[in-house]
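To start, the structure under review is shown below, and the notes come after it.
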Amino acid sequence: MAVALETQGADASTPWVQRAGATYPAVVDQNNLLSSALDFKAVPNGVFVGEDGTIRYAKYGGFSIESPEDTETIRKLIHGEIVQQTGATDPAAYTLTSTERELVETRVRLGSELLSRGDKEGALAEWRKALDMDPENLVIRKQIWALRYPERFHPAIDWEWQKQQLRQECEEEIAKGVCGPDGCPLPPRRSS
Amino acid sequence: MSADTTAIPRVGDPFPDVSLPTLEGGELQVSSLRGKKVLLFM
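Quick note, the sequences are listed as chains U and V, same order.
Following the working numbering, the numbering of the first sequence begins with 546 at its first residue and continues without gaps.
Following the working numbering, the numbering of the second sequence begins with 47 at its first residue and continues without gaps.
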């Protein structure tokens, strides 16, 4: 099952799924239900769920179907050679209180609602407020990019541009003083 | 803070039962996949 984290809805996700040659169910997590419930802030992620509905493996950030290590783990899980595997990347420890997290989620949903009514600038403003509260959240940051710079995502994702953009935005955020005396909590820079 | 972290499912915990729209226009309830092994790639 592939989950597209895509606040622009199903239409925006379809080209990626087609290119991946997906024959499995593909769902759209438009309101970040899963990134909230599982507390991940980066992509790509792989989560393996057993027949009883229990999480048996989770790697947040840097999961790749082209990585021999990742695919070997999944193969063993599928064939029952191992029951579960811990120790892959766990979600980053959240520094937000549950109230703050709810507020971030509410702003993300509000932004999506505004976007569905055609209010792009309103959506960007709400997502920006959410990101200011949760600057490590790469999922929200990428949603903003995808809406503001669609040419960097369609027809192909420009990873090099993302790296530069992330660096630039972090420098701006530090300069603006939105971060504490220890600097900004920079988004995880995992090699993938 | 500890209440926050225990609320987040980890390996060994049940996967949250959410319902998500599919690209074909339907809905997929995660609990409907019980009995199958599922890899989520997201």
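Idealized CB from N, CA, C, for every residue including glycine.
So what does residue i bridge to, in DSSP terms?
i                     : result
residue 609 (chain U) : Paired residues: none, contrary to the question.
residue 593 (chain U) : U:602, V:85
residue 91 (chain V)  : In the structure as shown, chain V begins at 47 and stops at 88. Residue 91 (chain V) is therefore absent and cannot be evaluated.
residue 695 (chain U) : Paired residue(s): none; residue 695 (chain U) is not in a bridge.
residue 60 (chain V)  : U:599
Check whether chain V comes within 8 Å of residue i, counting only Cβ atoms and requiring the distance to be less than that.
i                     : result
residue 663 (chain U) : no
residue 582 (chain U) : yes
residue 615 (chain U) : no
residue 660 (chain U) : no
residue 588 (chain U) : yes
residue 603 (chain U) : yes
residue 599 (chain U) : yes
residue 627 (chain U) : no
residue 749 (chain U) : No statement about residue 749 (chain U) is possible, as the shown extent of chain U runs from 546 to 737 and does not include it.
Are residue i and residue j touching if we call contact CB-CB under 8 Å?
i                     : j                     : result
residue 534 (chain U) : residue 659 (chain U) : Here chain U covers residues 546 to 737 and nothing more, so residue 534 (chain U) does not appear.
residue 646 (chain U) : residue 675 (chain U) : no
residue 61 (chain V)  : residue 589 (chain U) : no
residue 63 (chain V)  : residue 77 (chain V)  : yes
residue 582 (chain U) : residue 68 (chain V)  : no
residue 79 (chain V)  : residue 66 (chain V)  : no
residue 598 (chain U) : residue 85 (chain V)  : no
Quick one: is residue i near chain U, going by C-beta distance under 8 Å?
i                    : result
residue 78 (chain V) : no
So, under 8 Å CB-CB, residue i and residue j are touching, yes? Tell me the CB distance rounded to an integer number of Å.
i                     : j                     : result
residue 605 (chain U) : residue 585 (chain U) : 4 Å
residue 596 (chain U) : residue 81 (chain V)  : 5 Å
Check whether the stretch 612-619 of chain U and the stretch 707-720 of chain U touch, using three or more Cβ-Cβ pairs below 8 Å as the test. no
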